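A.B. asks:
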Ligand code: DPP
Ligand code: ZN
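Residue numbers (full-length UniProt numbering): 10 to 849.
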């Protein structure tokens, strides 16, 4: 039975204080609790209490010191209670050593750690495990582990006190043989904060970059949002077995070690970039998520959309706005548009769920951030600042809602956001179509918006769409700088008058709204924008759209690669006035998955092998057209030793790697062989290895890489993934199958599992091979993982969400696998819900 937003009721009690005693004793771990409850004045009075609890062996329970015998079920317990305040005490036994779900308290590589979001705390003790119940916690840890950590400030001897009321999902505990990489920070108002990143002995030097990112995040949040840290210590722990990227537990963030540990020889530029962004994200949650949390899980985007938006602003300040925006949009299209256009489409604020863990989605996170991006466009920078100040002022300490969030914008700016709020309730990506007219010095843009039906939402209402537009004159000069048009009707026209010649409009600059723009333009006009658009995002976008159109014609009409595209890209790549990172992005083509969706949208049945082949032909043509330039850039973009992860150096390496990939189509992989032998950093070592594998020249390098790195888990994840992603599509399934039989394929570790299975998804022509071999292999592994780790299984099932795009044979084969999974006895609710929704 689903949980519904409409059925929200407040909890009848408030929790005044929680005290927990942990005795960490392997399979016989004990948790004793003492919880002070009082009636909630904002709720109907209740004579009994319901506490969540899952897989707990209750030893005893008392209310106000007297033994009670609550009624227990697999989901929790119910117990009669006095009419006034009362103290609940209980002791449970749990077994973290066999907890492979990585949810609740579990062990990883000999250490104890927790993951409580969304509903893991109920596997630790009986408690009202819902985000609107907030309380201060004191925690005592009894264990022979040398390091014992929990939330808040240390009182010594394994005791921790967190004065800030928090929901149970922010609880954390860690105990293990750990070492700290330490530093400190003094806040604006003079609070001294000890900073520690806890890692396994020997890994300390690999935490240096994460610490640097943390300090920059703390400073940035003070300068940009006026938000200071509020405890005496901030701890981060790196854990090898983790379902998510990281978790923002109050004062004790827990991270997947992949997003903490980095050294030049083991981490790529993209790893450094991710570490910086995720450290910032979790830190920023301290205000947007922890101090102000969510009333219920339907409001997840309240904290996630906003925190993603904040970490994007931070990364943009650290690494350059244009490149950052382009990569955000690429991600959004790859994950969120794909979700929004398929059977899993759901609103940014969903209205029902069976398993909330299935809603940590690109829609809640990335589209949630885009909605804030639009809000900021609509109310301006000042309006946004005022609204955020009001939000922190008004809601500090609250478990808030999207209504609260929108209200601060209305109160701070005087704007009515009633229609805007549809962005939170309507699923689906709006399609914006544009036609243009020019008459007597007036340019008219006629827009239409349409959102197709999504599951449970057959009809859609018009949304408010901020459309940033600029006009470029025939000589390439900007005749109108960026202005934001506000579209709110289904069809709406905008006029620009007094123009002496017909300009070219640059539309949806900076990707001002998460929509699909459908604008018929000839190649020459697109090439003009590619050469002259003054908005760097749209300049890149012009190349992207042109690339998509050229590829579509190559696939559907057998056309040749268009010279407009080749010469346009060549000119840009050679333009030394543009940042290398930007030029590297220009060399990227639309992904195979993106092309499949585009073909489907225009009424074609996508053929994954044909898409792959067309893309290969276009890449060959690019390499042929640009060879001398690429060869020159390959040499010029070499970065001096020692390696530095900064954005400028990373940008050069990105351009160099892009050149390498194209040049290998001309030079028989000579450069890749040389680079693989000489590289002193993981970025280039991986770039070279990927190129070799792609050209079937990787066997020796793959073995050499293995011999060199087999001791390093994080590097081995890359080794597994790379071989699958870059395998020839004809043999991808066999490659993946062989890797899953490798002795180092520790499939219970989510990172390792994702390296092979995620790699399969990233090789669409291989995944959709006509004989269905990859579908079967993939489903076999989901079936194997589900009883062990339902959360990761459910998330990985999205590989099949695009089944409806394909031909009848592929559809039938994918559905057969989905039905095979759905029919399993004992299938988890997590996977059951996902598979059910995907099947429709
Ligand atoms: N740890 C996840 C995140 O930070 C869930 N809160 O987004
Ligand atoms: Zn988050």
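Every residue, glycine too, gets a C-beta built ideally from N, C-alpha and C. From a predicted model like this one, the values you see are computed outputs, not experimental measurements.
Name the two residues that bound the continuous beta strand (DSSP E) containing residue 726.
C.D. replies: Premise fails: residue 726 lies in the alpha helix (DSSP H), 722 to 734, not in any beta strand (DSSP E).
A.B. asks: Going by CA-CA distance only, name the one from 172, 263, 313, 450 that's closest to residue 114.
C.D. replies: Minimum Cα distance to residue 114 is reached at 263.
A.B. asks: Mapping the DSSP letters down to three states, classify residue 61 as helix, strand or coil.
C.D. replies: In the structure shown, residue 61 sits in a strand (DSSP, three-state: E or B).
A.B. asks: Buried or exposed, going by whether 16 or more other CB atoms sit within 10 Å of the CB of residue 710?
C.D. replies: Buried, since its Cβ has 16 or more Cβ neighbours within 10 Å.
A.B. asks: Flag residue 316 as yes when its Cβ comes closer than 7 Å to any non-hydrogen atom of the ligand ZN, and as no otherwise.
C.D. replies: True, at least one ligand heavy atom lies under 7 Å from that Cβ.
A.B. asks: Can you round the beta-carbon distance between residue 18 and residue 140 to whole angstroms, since I take them to be within the 8 Å contact cut?
C.D. replies: With a Cβ gap of about 14 Å, residue 18 and residue 140 do not count as contacting.
A.B. asks: Does the beta carbon of residue 219 fall short of 7 Å from some heavy atom of the ligand DPP?
C.D. replies: No.
A.B. asks: Nearest CA to the CA of residue 343: which residue from 438, 23, 761?
C.D. replies: Comparing Cα positions, the closest option is 438.
A.B. asks: Can you find a heavy atom of the ligand ZN that lies under 7 Å from the Cβ of residue 294?
C.D. replies: Yes, Cβ of residue 294 sits closer than 7 Å to a heavy atom of the ligand ZN.
A.B. asks: May I have a chain-ordered list of the alpha helix (DSSP H) segments no shorter than 4 residues that lie completely inside the region 659 to 703?
C.D. replies: Qualifying alpha helix (DSSP H) stretches, in chain order: 679 to 687, 691 to 703.
A.B. asks: Less than 7 Å between the CB of residue 369 and some heavy atom of the ligand DPP, yes or no?
C.D. replies: Yes; taking the cut-off as 7 Å, the Cβ of residue 369 has a heavy atom of the ligand DPP nearer than that.
A.B. asks: Measuring CB atoms only, is the region 595 to 615 touching the region 801 to 817, in the sense that at least three cross pairs come out at less than 8 Å?
C.D. replies: They touch, by the three-pair rule.
A.B. asks: Where residue 182 and residue 138 are concerned, what is the direct C-alpha to C-alpha distance, given to the nearest angstrom?
C.D. replies: Cα-Cα distance, rounded: 16 Å.
A.B. asks: Per DSSP, residue 143 forms a beta bridge with which residues?
C.D. replies: In DSSP, residue 143 forms no bridge with anything.
A.B. asks: Under the rule that 16 or more other beta-carbon atoms within 10 Å means buried, what is residue 590, buried or exposed?
C.D. replies: Residue 590 is buried by the Cβ-count criterion.
A.B. asks: Using the Cβ count rule (16 or more neighbours within 10 Å means buried), how would you classify residue 1?
C.D. replies: The question about residue 1 has no answer, for the chain in this structure spans 10 to 849.
A.B. asks: Taking buried to mean at least 16 other C-beta atoms within 10 Å of its own C-beta, is residue 171 buried or exposed?
C.D. replies: Per the 10 Å Cβ criterion, buried.
A.B. asks: Between residue 501 and residue 493, what straight-line distance do the alpha-carbon atoms span, to the nearest angstrom?
C.D. replies: Between residue 501 and residue 493, the C-alpha separation is close to 14 Å.
A.B. asks: Would you say the beta carbon of residue 247 is closer than 7 Å to some non-hydrogen atom of the ligand DPP?
C.D. replies: No, Cβ of residue 247 sits at least 7 Å from all heavy atoms of the ligand DPP.
A.B. asks: Is residue 290 near the ligand ZN, in the sense that its beta carbon is under 7 Å from a heavy atom of that ligand?
C.D. replies: Under cutoff, so the answer is yes.
A.B. asks: Can you tell which of 153, 135, 164 has its C-alpha closest to the C-alpha of residue 147?
C.D. replies: Looking at the Cα atoms, 164 is the closest of the given residues.
A.B. asks: How is residue 427 classed by DSSP in three states: helix, strand or coil?
C.D. replies: DSSP places residue 427 in coil when its eight states are reduced to three.
A.B. asks: Is any non-hydrogen atom of the ligand DPP found closer than 7 Å to the C-beta of residue 257, if you look at the structure I gave you?
C.D. replies: Under cutoff, so the answer is yes.
A.B. asks: What is the rounded straight-line gap between the Cα of residue 432 and the Cα of residue 252?
C.D. replies: Their Cα atoms are separated by approximately 29 Å.
A.B. asks: DSSP three-state label for residue 432, please.
C.D. replies: In the structure shown, residue 432 sits in a helix (DSSP, three-state: H, G or I).
A.B. asks: Can you give me the Cβ contacts of residue 197 inside the same chain, cut-off strictly under 7 Å, excluding the 5 residues immediately before and after it?
C.D. replies: So the qualifying residues of the chain are 231, 237.
A.B. asks: Measure from the alpha carbon of residue 538 to the alpha carbon of each residue in 554, 525, 526, 523, then state which is nearest.
C.D. replies: The shortest Cα separation from residue 538 among 554, 525, 526, 523 belongs to 554.
A.B. asks: Measuring alpha carbon to alpha carbon, tell me which of 732, 752, 406 ends up nearest residue 743.
C.D. replies: Nearest option by C-alpha distance: 732.
A.B. asks: Over the uninterrupted alpha helix (DSSP H) stretch that includes residue 629, give me the two end residues.
C.D. replies: Looking at the DSSP string, the run of the alpha helix (DSSP H) that includes residue 629 is 617 to 645.
A.B. asks: In the DSSP assignment, find the unbroken beta strand (DSSP E) run with residue 501 in it and report its ends.
C.D. replies: Note, residue 501: beta strand (DSSP E), 500 to 505.
A.B. asks: Within 8 Å, do at least three Cβ pairs link the region 752 to 768 to the region 240 to 260?
C.D. replies: Result yes; three or more Cβ-Cβ pairs closer than 8 Å.
A.B. asks: Taking 7 Å as the cut-off, does the CB of residue 337 come closer than this to any heavy atom belonging to the ligand ZN?
C.D. replies: Incorrect: residue 337 has no Cβ contact closer than 7 Å to the ligand ZN.
A.B. asks: Should residue 379 be listed as close to the ligand ZN, given that the test is whether its C-beta is under 7 Å from any heavy atom?
C.D. replies: Outside the cutoff, so no.
A.B. asks: Taking buried to mean at least 16 other C-beta atoms within 10 Å of its own C-beta, is residue 601 buried or exposed?
C.D. replies: By the 10 Å Cβ count, residue 601 comes out buried.
A.B. asks: Hey, would you say the C-beta of residue 285 is under 7 Å away from at least one heavy atom of the ligand ZN?
C.D. replies: No; taking the cut-off as 7 Å, the Cβ of residue 285 has no heavy atom of the ligand ZN nearer than that.
A.B. asks: Could you spell out where the alpha helix (DSSP H) holding residue 310 opens and where it closes?
C.D. replies: 309 to 328 is the span of the alpha helix (DSSP H), which, as asked, contains residue 310.
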